[in-house]
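Asker: First the structure, then my questions, so here it is.
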Amino acid sequence: MELLPAERNVRIEQRRTALNQRQLEAHDGCVIFVDRGRPPAELSALPFGDLLRKLHRQASSDGPVHLLSSRVSSGLTRLVVAFIDPQAATFELLSAAAKAWKELAAGKPRRILVAAPGLKAGQQTRVLEAMSAAALAGSAPLPQAKSRPARTIPLERITLSGAAQVDTARLLATDRGNHLARWLTVLPPNVLNSRGYRRALNQLARREGWGMTTFERNNLRRLGAGAFLAVARANDSNDAAIVRLRYRAPRRNRTAPRLTLVGKGICFDTGGINLKPHKSMLHMHEDMQGSAVAVGTLLALSALKVPFDIDCWLAISENEIGARAYRPQEVVRAANGTTIQVIHSDAEGRMALADTLALAARDKPELIIDYATLTGACIMALTERYSGVFTNRPTLHPVLLEAGAASGERVWPFPMDADFDADLESNVADVMQCTLDSKGDHILAARFLNRFVPQSIPWIHIDLAASNRTGGLAHVPTDFTGFGVRYSMQLLLDHDLLSGKATAQRATGKLASARK
-10 MELLPAERNV RIEQRRTALN QRQLEAHDGC VIFVDRGRPP AELSALPFGD
40 LLRKLHRQAS SDGPVHLLSS RVSSGLTRLV VAFIDPQAAT FELLSAAAKA
90 WKELAAGKPR RILVAAPGLK AGQQTRVLEA MSAAALAGSA PLPQAKSRPA
140 RTIPLERITL SGAAQVDTAR LLATDRGNHL ARWLTVLPPN VLNSRGYRRA
190 LNQLARREGW GMTTFERNNL RRLGAGAFLA VARANDSNDA AIVRLRYRAP
240 RRNRTAPRLT LVGKGICFDT GGINLKPHKS MLHMHEDMQG SAVAVGTLLA
290 LSALKVPFDI DCWLAISENE IGARAYRPQE VVRAANGTTI QVIHSDAEGR
340 MALADTLALA ARDKPELIID YATLTGACIM ALTERYSGVF TNRPTLHPVL
390 LEAGAASGER VWPFPMDADF DADLESNVAD VMQCTLDSKG DHILAARFLN
440 RFVPQSIPWI HIDLAASNRT GGLAHVPTDF TGFGVRYSMQ LLLDHDLLSG
490 KATAQRATGK LASARK
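The following block contains the structure:
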């Protein structure tokens, strides 16, 4: 089983020619988006309009029509018509696009045509981008070990028809990062264990031209990373490590600001001494998804040759059960000198991240973003439709919300008030790892991590509640969603976070427009 996905070669072409029957028949499949508020009679202006009006009339007898599908032309091209609100939120457009792709994909198309002829240019751009994202995500292969794998026909080309101008380079880079994040997460834990993960990262770094430094146990002991080492202690092998990947901006940007991405990479989480029950442990190979999103974001940004430096720090280990496993009531010291009273061995993610954040912060970057499948409490608060965000810069809340609304990967900011620290006061150490119950654990986990990031460094923590949702989410059809790559691209490329110029006032105005 391959550790990394094969490179795909899907081309996206943009044509300003008006949609016509000849153009449609040159493709295996076609999706046309129509304003659901327009009269059905306007279907007549589309290729095969009479057939579409007939299908619409038949379908409308059962209620509102959202989708029409039929084989048309001598080549039996599959034509899908999706009825949408062109001013809908991005999440709704992506969800509608996913349904259209599911209908289209039944014909295993190699070349698809996407059009929205009745919409304004700005609306067309949003709709065509959403459909392209859905087609790319839906056609991306994921690891499998079947003796007789299903035959697949790769998507080769997406043609966008109309006056809209879609940023195809960004679209493809974002998909590439999301695909990597999902691929890594799907890999079974006997393939993507700590050793396999490090091997995958080494291959990736060599291919992409990134620098790579691996801090193994002996290095981490010298650095005082006692929190991470406590988690790794029960591992049979010595492969647990903190890995640092480095992308450097083109040399013309000699004073480039630095972004730091941090990811939780627990390749399998048994819960440790506080062993998880079967239902909770079954999918714990996904507990490295935060690191996969961090690497996927790095891949997407470096593909665009962004003008800022990026360091990506990954806490890679398993949380095993065994004679050497760390135990409740132990006291360990983290890399920044903070002493931690262990309460529960299944709160290992914040332990591993504590040292990783502390080490990453020593370089004093302009911004740190960390990603983690950290708490069940965040899922209880938001379900798997949103992810939680926390920051030591409360004025960024409107920016964080807007990036979620605009990207379709929705987030909700939680409070980070200092008085929450009272719940983590310890009689024997500087801080308790967590509390005995799960009340507000997502907030307390963020407050715990806050101790390992100096207040002088802007920091955003993303608790990935939406990383796993049965049936997928928005444009992503798989249970493991890779949530966070698309969000991060929106946040980092459309805001001046690295220069410190993002203000709540500016963000509030953009948020209103994003929700229209």
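Note that the numbering used here has the sequence shown beginning at -10, numbered continuously upward. Here a beta-carbon is modelled for each residue, glycine too, at the ideal position from N, C-alpha and C.
1) At what residue ranges does the segment 411 to 454 contain a whole run of the beta strand (DSSP E), taking only runs of 3 or more?
2) Please identify the residue among Arg233, Ile262, Thr327, Val465 whose C-alpha is closest to the C-alpha of Val251.
3) Residue range of the beta strand (DSSP E) that Tyr236 falls in?
4) Tell me which residues share the same chain as Pro106 and place their Cβ nearer than 6 Å to its Cβ, disregarding the 5 neighbours each side in the sequence.
5) Quick one: using the 10 Å Cβ neighbour count with 16 as the cut-off for buried, is Ala283 buried or exposed?
6) How far does the alpha helix (DSSP H) with Glu118 in it extend, from its first residue to its last?
7) Which partner residues of Pro402 appear in the DSSP bridge assignment?
8) Please state if the CB of Ala304 and the CB of Ile358 are separated by a distance shorter than 7 Å.
9) Using only the alpha-carbon positions, how far apart do Ser51 and Arg67 sit?
10) Glu373: buried (16+ other C-beta within 10 angstroms of its C-beta) or exposed?
11) Where in the segment 238 to 309 do unbroken runs of the beta strand (DSSP E), each at least 3 residues long, occur, reported from the N-terminal end onward?
12) Taking only three categories from DSSP, how would you classify Gln133?
13) What residues are listed by DSSP as bridge partners for Thr465?
14) Please name the residue or residues paired with Tyr360 in a DSSP beta bridge.
15) In whole angstroms, give me the CA-to-CA distance for His431 and Leu117.
16) Is the beta carbon of Ala454 sitting closer than 7 Å to the one on Ile368?
17) Please work out which residues of its chain come closer than 6 Å, Cβ to Cβ, to Val103, disregarding the five sequence neighbours upstream and downstream, and give them in chain order.
18) Is Ser280 buried or exposed, if buried means 16 or more other CB atoms sit within 10 Å of its CB?
19) So what does DSSP say about Asn207, is it helix, strand or coil?
20) Quick one: what's got a C-beta closer than 8 Å to Ala392's C-beta in the same chain, skipping five residues either side?
21) Identify whether Leu500 lies in helix, strand or coil by the three-state DSSP scheme.
22) Taking only three categories from DSSP, how would you classify Glu2?
23) Under DSSP, the alpha helix (DSSP H) around Gly365 begins and ends at which residues?
24) Three-state secondary structure (DSSP) at Leu149?
25) Got a sec, what are the start and stop residues for the alpha helix (DSSP H) Val474 sits in?
26) Starting from Thr328, trace the beta strand (DSSP E) in both directions and tell me its first and last residue.
27) At a cut of 8 Å, does the segment 381 to 391 reach the segment 456 to 474 through at least three beta carbon pairs?
28) Among the candidates Ala71, Ala86, Lys43, whose CA atom is the shortest distance from the CA of His464?
29) Gly498 to Arg115, Cα distance in whole Å?
30) If you draw a straight line from the C-alpha of Ile101 to the C-alpha of Ala134, how long is it?
31) Looking at the secondary structure, which residues open and close the beta strand (DSSP E) in which Leu59 lies?
32) Using beta-carbon positions only, say whether Glu145 and Val220 come within less than 7 Å of one another.
33) Run through the DSSP bridge pairs and tell me what Val388 is partnered with.
34) Start and end of the alpha helix (DSSP H) containing Val220?
35) Going by alpha carbons, who is nearest to Ala124 out of Arg60, Leu160, Leu293, Ala407?
36) Using only alpha-carbon positions, find the residue among His16, Lys353, Arg5, His55 that is nearest to Gln444.
Answerer: Inspection of the coordinates gives the following:
1) 448 to 452
2) Arg233
3) 230 to 236
4) Leu8
5) buried
6) 110 to 128
7) Val378
8) no
9) According to the sequence displayed, residue 51 carries Asp and not Ser. If you take the alpha carbons of Asp51 and Arg67, they lie about 23 Å apart.
10) buried
11) 247 to 258, 298 to 308
12) coil
13) In the sequence on display, residue 465 carries Val and not Thr. For Val465, which the question treats as bridged, DSSP gives the partners Leu462.
14) Gly252, Ile451
15) 36 Å
16) yes
17) Val20, Leu117, Met120, Leu149
18) buried
19) helix
20) Val400, Tyr476, Gln479, Leu480, Asp483, His484
21) Note that Leu500 scores a pLDDT of 38, beneath 50, so its modelled location is shaky and nothing firm can be said.
22) strand
23) 365 to 371
24) strand
25) 474 to 482
26) 328 to 330
27) no
28) Ala86
29) In this predicted model, Gly498 has a pLDDT of only 40, less than 50, meaning its place in the structure is not dependable enough to derive any value.
30) 29 Å
31) Residue identity differs from the one stated: residue 59 is Ser in this sequence, not Leu. Residues 56 to 61.
32) no
33) Bridge partners of Val388: none, in fact.
34) 215 to 221
35) Leu160
36) Lys353
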